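The structure appears below as structure tokens.
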Ligand code: MN3
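This is how it looks when you write it as structure tokens:
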């Protein structure tokens with residue numbers, strides 16, 4: 001008997017995760033069908049992807065690109081929509097079983113909520129969604145009996161270690177961090193870091209935002225917050241360990257002291273495929289790890305005195321309320337300003353810290369409070385960026 005293919009929606013199909021997800025689907029076309037593709041403004045790539053994968057519908061957020069996409073796909077019988085609102089609506093299509101959320105930043109929040117409300121499984125690649133509103137998202141998923149499968153490699157590692165252990169409490173988790181391209185650098189050396197240097201990650205090939213976040217250790221900070229919500233942990237149960245080779249992707253320690261780690265060569269296709277294929281492990285031809293090529297796997301403490309963002313994330317978790325939402329919005333503005341060469345590399349953490357002090361604290365935020373916090377933070381962050389430039 002032929003099994004029904006899993007219908008996949010990819011939100012953010014033009015990005016690094018989105019294109020790798022399509023590689024996974026191309027290699028497993030007997031298992032998956034693409035039902036929806038969405039992009040922000042990459043019209044040409046969207047057209048090419050749509051013609052190859054024949055989704056039911058596509059959405060382009062940028063309205064100015066709509067006509068071009070619509071003209072190109074008309075004869076292929078693919079529905080074309082535009083605007084942010086359309087993304088949230090399109091995810092509820094019947095043919096969709098799982099929604100891969102691979103867009104960047106705060107923009108992921110609303111469509112993720114819509115997908116959960118429509119009862120779709122979530123393959124979560126947009127960590128900002130849980131950072132901004134982890135409590136609301138996890139509660140919504142519980143209410144709608146929706147599973148959230150992590151795509152972030154560290155969280156996928158933890159999820160894989162937990163398979164078969166659902167009844168056994170976690171004592172602690174260790175998120176591994178490569179340390180980024182500036183591991184071991186002193187503050188003085190970091191003053192002059194250029195955008196080009198920061199965009200070179202030693203182990204992972206990723207989008208610009210996450211590559212900068214990796215260089216500042218903000219990415220690991222966001223992942224700490226993401227882990228808290230995904231696995232229902234207390235802040236004290238989460239630790240970060242620098243592991244420059246990026247072979248061990250994270251570790252779970254159970255109450256008997258036993259530790260399970262998931263390892264392999266760093267390749268985002270593996271966690272993407274695991275999230276889409278769960279609970280099955282689909283055969284892959286990704287390169288295999290060879291122990292003899294890595295005679296030493298090493299571990300060290302994260303340098304949070306130099307890379308302050310990681311501490312800011314722990315601080316945000318301790319303080320709770322809307323603080324992580326503030327940190328996320330501040331950081332999105334800070335990274336964009338750095339990429340435009342308006343502020344320096346070290347200014348990113350300065351800007352983040354300053355916003356966390358200035359933005360008005362809300363102890364028990366509602367969805368509307370998060371929207372207000374995000375807006376308010378971006379205004380303050382832009383002002384702070386201007387002050388830092390002068
Ligand atoms: Mn990661």
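Numbering (the numbering used here), first residue to last: 1 to 390.
Glycine included, every Cβ here is placed at the ideal spot set by N, Cα and C.
All figures in this text were calculated on a predicted structure; none of them were measured in a lab.
- Cα atoms of residue 216 and residue 3: separation of roughly 45 Å, rounded to the nearest angstrom.
- Around the beta carbon of residue 363, fewer than 16 other beta carbons sit within 10 angstroms, so the residue counts as exposed.
- Secondary structure note for residue 22: its alpha helix (DSSP H) is the uninterrupted segment 16 to 27.
- DSSP, read as helix, strand or coil, puts residue 195 in helix.
- The beta carbon of residue 287 sits closer than 8 Å to those of 265, 267, all from its chain and outside the five residues before and after it, given in chain order.
- Below 8 Å, enough C-beta pairs join the region 293 to 311 and the region 222 to 241 to call them touching: three or more.
- The bridge partners DSSP lists for residue 11 are 38, 101.
- By the Cβ rule, the region 272 to 284 counts as touching the region 8 to 24, because three or more pairs are nearer than 8 Å.
- Taking 8 Å as the cut-off, one finds at least one heavy atom of the ligand MN3 near enough to the beta carbon of residue 219.
- In this structure, the C-beta of residue 223 approaches the ligand MN3 to less than 8 Å from one of its heavy atoms.
- In the DSSP assignment, residue 118 falls outside any beta strand (DSSP E), carrying neither H nor E.
- Along the length of the region 173 to 238, whole alpha helix (DSSP H) runs at least 4 residues long occupy 187 to 190, 195 to 198, 208 to 216, 218 to 231, reported in chain order.
- Look at residue 152: its beta carbon is less than 8 Å from one of the heavy atoms in the ligand MN3.
- The beta carbon of residue 261 is closer than 6 Å to those of 248, 251 in its chain, skipping five residues each way along the sequence.
- Put simply, the backbone Cα of residue 202 is about 31 Å away from that of residue 170.
- For residue 150, the enclosing beta strand (DSSP E) stretches over residues 148 to 150.
- Closest in C-alpha terms to residue 101, from the list 157, 38, 165, 49, comes 38.
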